[in-house]
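In the UniProt record's numbering, the protein residues as written are 1 to 385.
Okay, here's the thing in structure tokens:
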């Protein structure tokens with residue numbers, strides 16, 4: 001993928017389109033947002049008196065950030081939102097390739113009023129140190145190791161489930177490896193423009209030739225992200241600086257990406273419907289449009305050879321349909337699901353439409369809460385309030 005890591009708040013418009021969204025089966029929803037605002041949520045339920053005081057652990061109350069030592073290197077963890085109430089879900093954010101906590105401030109601002117959030121930097125990214133044993137790691141196991149690091153990080157910080165996983169892009173591979181490890185502690189997922197085990201097989205990206213067309217151009221200007229993104233100037237600058245600093249580790253993750261897909265595929269999570277009936281929401285932007293914009297801008301600028309242009313043009317054929325199929329296949333992880341198609345954003349939904357993400361997190365929480373009351377003995381759903 002190209003650089004990866006939201007227009008002012010609008011009203012929710014959710015309609016079903018027969019051409020794009022097939023007839024809904026039981027417990028499955030397909031939404032199309034032209035604009036979005038988070039729906040109402042019983043926030044009062046999240047401010048009940050804690051069953052047990054958790055003030056002794058600084059990671060469970062207030063806003064806190066710091067480094068935690070894991071296997072000989074320090075990893076960065078940050079948390080904010082309502083103080084933790086035992087048994088209530090917390091959100092775990094997982095960045096895409098080369099991304100870090102600087103990518104998420106807009107989403108955090110929209111989630112923190114009603115749910116506790118944890119965001120970390122993977123080894124070698126952001127404020128986290130490089131794993132000194134990384135050279136001994138097989139590329140195909142990279143996402144598994146990242147999930148293991150996250151698991152150990154949360155345990156060392158004393159952060160227990162239940163968890164709601166919110167991954168972005170390649171972070172979806174890491175999040176699903178975490179799901180494999182901590183399945184009983186995950187009550188739902190909101191997946192944002194995530195890749196899956198067959199992405200590079202079905203919809204491969206020719207990065208060298210695509211980048212040749214971008215020569216001398218700014219990707220964020222070409223695709224309109226620079227105008228549409230809703231970070232503060234300081235947040236945008238911080239993200240641009242960190243993207244540059246993350247370059248070496250970005251290259252490592254990008255190299256490992258297709259191999260980690262193969263590793264995840266061997267686990268057959270779709271066939272096993274690993275989430276069972278726990279809710280999942282799939283949020284899709286329009287990355288195919290961005291590649292088309294890059295192609296058109298590159299040709300207009302006179303970039304690339306005729307051969308390079310032909311290769312990228314061929315790559316674009318059927319890309320939108322392939323993306324849609326790959327995103328929808330992730331609905332197989334659960335029997336309770338929603339598919340959200342966004343009109344304006346491309347790949348970087350987290351910079352453009354945080355209201356949609358907040359709305360889907362609230363849906364996951366509401367659904368999980370209903371399931372918890374219907375089956376209070378199911379430990380995966382947390383304690384009954």
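Heads up, the beta-carbon is just placed ideally off N, CA and C, and yes, glycines get one too.
Since the model is a prediction, treat every value here as computed from it, not as a measurement.
According to DSSP, is residue i part of a helix, a strand, or is it coil?
| i | result |
| --- | --- |
| residue 102 | helix |
| residue 94 | strand |
| residue 276 | strand |
| residue 445 | Here the chain comprises residues numbered 1 to 385, so residue 445 is not present and cannot be evaluated. |
| residue 268 | coil |
| residue 196 | coil |
| residue 83 | coil |
| residue 9 | The predicted model places residue 9 with a pLDDT of 33, which falls under 50 and marks its position as unreliable; any figure quoted below should be read in that light. It is coil, neither helix nor strand. |
| residue 231 | coil |
| residue 130 | coil |
| residue 241 | helix |
| residue 136 | helix |
| residue 296 | helix |
| residue 171 | helix |
| residue 60 | helix |
| residue 290 | helix |
| residue 111 | helix |
| residue 49 | Bear in mind that the predicted position of residue 49 carries a pLDDT of just 39, short of 50, making it unreliable; the figure below should be weighed with that in mind. Of the three classes helix, strand and coil, the one that applies to residue 49 here is coil, per DSSP. |
What does DSSP give as the partner residue(s) for residue i in the beta ladder?
| i | result |
| --- | --- |
| residue 67 | 76 |
| residue 284 | 341 |
Pull up the distance between the alpha-carbon of residue i and that of residue j, whole angstroms please.
| i | j | result |
| --- | --- | --- |
| residue 93 | residue 189 | 10 Å |
| residue 364 | residue 318 | 32 Å |
| residue 384 | residue 376 | Confidence is the limiting factor: at residue 384 the pLDDT is only 40, short of 50, which leaves the residue's position unreliable, though a coordinate-based value still follows. Near 6 Å, if we compare the C-alpha coordinates of residue 376 and residue 384. |
| residue 306 | residue 328 | 35 Å |
| residue 45 | residue 354 | Summary for residue 45: the model assigns pLDDT 43, below 50, so the residue's position carries little reliability; its value from the coordinates is reported in the next sentence. Going from the Cα of residue 45 to the Cα of residue 354 covers about 22 Å. |
| residue 332 | residue 360 | 17 Å |
| residue 371 | residue 230 | 35 Å |
| residue 297 | residue 346 | 16 Å |
| residue 386 | residue 247 | For residue 386 there is no data in the structure shown, the boundaries of the chain being 1 and 385. |
| residue 236 | residue 374 | 44 Å |
| residue 155 | residue 88 | 17 Å |
| residue 315 | residue 291 | 9 Å |
| residue 125 | residue 191 | 21 Å |
| residue 66 | residue 313 | 46 Å |
| residue 178 | residue 338 | 21 Å |
| residue 232 | residue 111 | 17 Å |
| residue 128 | residue 194 | 23 Å |
| residue 283 | residue 351 | 13 Å |
| residue 369 | residue 301 | 53 Å |
| residue 71 | residue 309 | 46 Å |
| residue 252 | residue 227 | 30 Å |
| residue 113 | residue 213 | 43 Å |
| residue 219 | residue 107 | 22 Å |
| residue 326 | residue 358 | 23 Å |
| residue 100 | residue 153 | 15 Å |
What first and last residue would you give for the alpha helix (DSSP H) that runs through residue i?
| i | result |
| --- | --- |
| residue 350 | Taken as a continuous stretch (DSSP letters only), residue 350 belongs to no alpha helix (DSSP H), as it is neither H nor E. |
| residue 357 | 354 to 374 |
| residue 265 | 247 to 265 |
| residue 209 | 207 to 213 |
| residue 182 | Careful: residue 182 lies outside any alpha helix (DSSP H) and carries neither H nor E. |
| residue 219 | 219 to 222 |
| residue 154 | 142 to 157 |
| residue 327 | 319 to 329 |
| residue 316 | 306 to 316 |
| residue 225 | 225 to 228 |
Would you mind reading off the limits of the beta strand (DSSP E) that contains residue i?
| i | result |
| --- | --- |
| residue 165 | 163 to 167 |
| residue 119 | 117 to 120 |
| residue 188 | 186 to 192 |
For residue i and residue j, which I take to be in contact (beta-carbon distance under 8 Å), what is that distance rounded to the nearest angstrom?
| i | j | result |
| --- | --- | --- |
| residue 140 | residue 259 | 4 Å |
| residue 143 | residue 263 | 7 Å |
| residue 334 | residue 278 | 6 Å |
| residue 146 | residue 73 | Contact doesn't hold; Cβ gap of about 13 Å is too wide. |
| residue 118 | residue 63 | Going by Cβ atoms, the distance from residue 118 to residue 63 rounds to 12 Å, so no, they are not a contact pair. |
| residue 196 | residue 330 | 6 Å |
| residue 167 | residue 185 | Actually they are not in contact, since the Cβ atoms of residue 167 and residue 185 sit about 16 Å apart, beyond 8 Å. |
| residue 75 | residue 149 | 6 Å |
| residue 210 | residue 340 | Not a contact, Cβ separation roughly 27 Å. |
Indicate whether at least one CB of chain B lies closer than 7 Å to the CB of residue i.
| i | result |
| --- | --- |
| residue 299 | Chain labels in this structure do not include chain B; a single protein chain is all it has. |
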